[in-house]
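Just so you know, the protein sequences line up as chains L and C, in that order. Using full-length UniProt numbering, read the first sequence as starting at 1 and increasing by one per residue. Using full-length UniProt numbering, read the second sequence as starting at 1 and increasing by one per residue. Ideal placement from N, C-alpha and C gives every residue a C-beta, glycine not left out. Below you'll find the structure, written out as structure tokens, and then a few comments.
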Amino acid sequence: MTEVLETRGLRKAFGALQATDDVSLTLRAGEIHAIIGPNGAGKSTLIGQICGTLPPDSGSVHLNGVDVTGLSTQARAGRGLARTFQISQLAMEDTALQNVLLGAVGASKRAWRFWRPALRHADLRDRAEAALARVGLDGHAATVTAELSHGQRRQLEVAVALTLNPQVFIMDEPMAGLGAEGSARLTPLLDSLRQEAPILLVEHDMDAVFALADRISVLVYGRIIASGTVEDIRRDPAVRDAYLGDAE
Amino acid sequence: MGGVMRRELWVNAALWLGLICVPLWAHWAGEPFTITLATRAVIFAVAAVGLNIALGLGGLVSLGHAAFFGIGGYAMGILAFHAQNYQPLFEWPFVFEGSQSMPLIWVVAFAVSGLCAFVIGLLALRTSGVYFIMITLAFGQMFYFFSISWAAYGGEDGMLIYVRNGFPGLNTLDPIQFYGLCFAVLSAALLVQARLARSPFGLALNAARQVPERVRAVGLDPVRLRLLAFTLSGAITGLAGALFADLNRFVSPSMFSWQLSGEFIVFIIIGGTARLFGPVVGAMVFVGLEHLLGGLSEYWHVWFGALLLGIVLFGQGGVIGMIAGKARAHD
Ligand SMILES: Nc1ncnc2c1ncn2[C@@H]1O[C@H](COP(=O)(O)OP(=O)(O)OP(=O)(O)O)[C@@H](O)[C@H]1O
Ligand SMILES: [Mg+2]
């Protein structure tokens, strides 16, 4: 299998705190690779380095075999790195449709068009509406984002990523705050997304992780302490101690 | 939602028609002073529409927009000064005598102030918040003091232009005809802002104001979006400066004053931030009060300040917001 995303020896310290400690991992075509770990383990910090919002102290990030460590966030996005945020980053004053349309505008490199209304770029609008429909928000296209429920905003986060011609999805706790019912609704969607692009999935919801992941890596104090299939991880005594022990 | 949009549309249409009808009425009634007041309001409105592109759409609080207004004014002043004194502005690579032709003056004012806005934006947009406000203010003050020290063009006293510049086919000395030109420029600026706000660029700029992190994550650079908005914004305000200089037939360092920058912001707040006709209402209210209260007391700004306070405290969304309702995402 080919590696779509790879990190090699990433390190990041905040003062005395080693938030990322020699993290090397891979994401292969067609798979969901879940990263689990307790609060403060350094999952979001790792994602920040992969997406280009945080510079690593050392190590490198490779996308489709190309070293992108020196590239900006927007350049990485332009190469098909589609992320979702742990805390929704949505234009609250805009409608749901406008939020996904922004993704379509960015992906199509059409931000330097000044005259025709964005909503009248039929191809962009189609793409945006398809993404909304895919996450089940087609009935809310015209709803202002501030008026969407928390769960709907989580769906919208995923919808924006869908508009980006993704080569790889990076998802930071897409189920955060959704509750059992909401997670159960999002799980089949993520399951179907791996056909389009592999997913690096940071998630606390263990039911979702065990249902979705092809591989799991366990991050504790910035370090990957175990990596393997769902069965490997379930059985690993160190993992049960460090993480599953206090989670269950 | 549709209701609010439609109501704002009606309010805008009424204002626009009012800007046609009132000066025409004044023309027929033989009240040239009313036309001059309307011209002043319309020119201020153009300046504030320019600022609204940066401030309203881009969230860039520039306290230095008088710099562009002044640059536009001096572009007119310098070109006309050389033309009226028959001193070539430059002799190489060709002899250029200056110009008293409005179309050329407008192009120069637009281009030079846009260029200055680009350079200032390049530096100022590395910062945000209070620092951005301070840097734009500092640039404005630099231009102010530079113009005072520029003796070749009148220094502190400024420049008098004896004859209003010309426009092909029009008699610009006729108040209503000059008003018509300014009104046409305002209409064009409003059209540009309206189209821009809904375009892909406007969508991205608006998102960059709310969630820059998201904009980067879709592959766009918020700073570039803001830089373009700031450049266009400065260019339009510069064009307004050229018109203002022509209205007064006089250019002076006061066009660069930071009080004026503050007033442009106030126009927008009074009318309604990011509302298409917000700057128009703000400029009309300002010029109206200046005329009505200015005659009663030289401290009329106190009343203007009280109005501003009232609107900020009780009427978010400005005058347009109070009439047409809260701004909503379009479509
Ligand atoms: N900018 C920063 N400056 C200093 N410390 C930071 C910074 N960002 C994160 N940290 C610290 O680094 C550690 C890892 O944080 P991170 O957000 O990556 O954890 P996480 O695994 O995503 O946790 P959670 O499950 O709560 O989202 C934490 O101890 C956090 O306090
Ligand atoms: Mg996190």
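Where residue i meets chain L, residues with beta-carbon distance less than 8 Å
| i | result |
| --- | --- |
| residue 225 of chain C | 111 |
| residue 12 of chain C | Within chain L, no residue comes near residue 12 of chain C; the closest Cβ sits about 17 Å away, beyond 8 Å. |
| residue 204 of chain C | 102, 105, 106, 111 |
Other residues of its chain near residue i: CB distance less than 7 Å, five sequence neighbours each side excluded
| i | result |
| --- | --- |
| residue 316 of chain C | none |
| residue 176 of chain C | 23, 27, 35 |
| residue 106 of chain C | 239, 242 |
| residue 99 of chain L | 90, 91, 145, 156, 160 |
| residue 248 of chain L | Any reading at residue 248 of chain L must be qualified, since the residue scores a pLDDT of 43, below 50, and its modelled position is unreliable; the value itself is stated next. Cβ neighbours of residue 248 of chain L beyond the five flanking positions: none. |
| residue 283 of chain C | 41, 44, 45, 48, 267 |
| residue 64 of chain L | 4, 167 |
| residue 331 of chain C | With a pLDDT of 48 at residue 331 of chain C, under the threshold of 50, the modelled position of that residue is not reliable, and no figure is offered here. |
| residue 10 of chain C | none |
| residue 83 of chain C | 97, 98, 99, 100 |
| residue 71 of chain L | 52 |
| residue 193 of chain C | 49, 52, 53, 276 |
| residue 257 of chain C | 66, 144 |
Same chain, Cβ closer than 6 Å to residue i, neighbours up to 5 away in sequence not counted
| i | result |
| --- | --- |
| residue 164 of chain L | 82, 103, 107 |
| residue 42 of chain C | 182, 183, 186 |
| residue 279 of chain C | 45, 48, 49, 52, 267, 268, 271 |
| residue 205 of chain L | 175, 183 |
| residue 113 of chain C | 68, 71, 72, 234, 235, 238 |
| residue 252 of chain C | 158 |
| residue 26 of chain L | 3, 6 |
| residue 63 of chain C | 133, 136, 137, 261 |
| residue 210 of chain L | 230 |
Residue i - partner residues in DSSP beta bridges
| i | result |
| --- | --- |
| residue 166 of chain C | C:101 |
| residue 250 of chain C | C:160 |
| residue 27 of chain L | L:5 |
| residue 20 of chain L | L:12 |
| residue 238 of chain C | Per DSSP, none; premise fails for residue 238 of chain C. |
| residue 132 of chain C | DSSP output for residue 132 of chain C lists no bridge partner at all. |
| residue 95 of chain L | L:144 |
Extent of the continuous alpha helix (DSSP H) run through residue i
| i | result |
| --- | --- |
| residue 43 of chain L | 43–51 |
| residue 260 of chain C | 258–271 |
| residue 71 of chain C | 66–85 |
| residue 42 of chain C | 32–52 |
| residue 172 of chain L | Careful: residue 172 of chain L lies outside any alpha helix (DSSP H), inside the beta strand (DSSP E) at 168–172. |
| residue 176 of chain C | 175–198 |
| residue 77 of chain L | 73–78 |
Under 7 Å by beta carbon: chain C residues contacting residue i
| i | result |
| --- | --- |
| residue 90 of chain L | 211, 214 |
| residue 14 of chain L | Under the 7 Å cutoff, chain C gives no residues; its nearest Cβ is about 19 Å from residue 14 of chain L. |
| residue 117 of chain L | 198, 199 |
| residue 73 of chain L | 216, 217 |
| residue 78 of chain L | 219 |
Limits of the unbroken beta strand (DSSP E) element including residue i
| i | result |
| --- | --- |
| residue 84 of chain L | 81–84 |
| residue 219 of chain L | 215–220 |
| residue 61 of chain L | 58–63 |
| residue 227 of chain L | 223–228 |
| residue 202 of chain L | 199–202 |
Neighbouring residues, chain L, relative to residue i (Cβ below 7 Å)
| i | result |
| --- | --- |
| residue 276 of chain C | Near residue 276 of chain C there are no residues of chain L at all, since even the closest Cβ is about 14 Å away, more than 7 Å. |
| residue 6 of chain C | Near residue 6 of chain C there are no residues of chain L at all, since even the closest Cβ is about 15 Å away, more than 7 Å. |
Residue i: contacting residues in chain C (beta-carbon distance under 9 Å)
| i | result |
| --- | --- |
| residue 160 of chain L | 214, 217, 218 |
| residue 83 of chain L | 217 |
Neighbour list for residue i in chain C, Cβ cutoff strictly below 8 Å
| i | result |
| --- | --- |
| residue 121 of chain L | 200 |
| residue 164 of chain L | 218, 219 |
Contact set between residue i and chain L, taken where Cβ atoms lie within less than 9 Å
| i | result |
| --- | --- |
| residue 157 of chain C | Going along chain L, no residue has its Cβ under 9 Å from residue 157 of chain C, so there is no contact; the nearest lies around 41 Å. |
| residue 195 of chain C | 114, 115, 116, 117 |
Cutoff 8 Å; reference residue i; Cβ partners in own chain excluding five residues on either side
| i | result |
| --- | --- |
| residue 153 of chain L | 88, 90, 145 |
| residue 222 of chain C | 208, 212, 215, 216 |
request  = Using the beta-carbon of each residue, find all residues closer than 5 Å to any heavy atom of ligand 1 and list them in chain order.
outcome  = That query returns the following residues: L:14, L:19, L:39, L:40, L:41, L:42, L:43, L:44, L:45.
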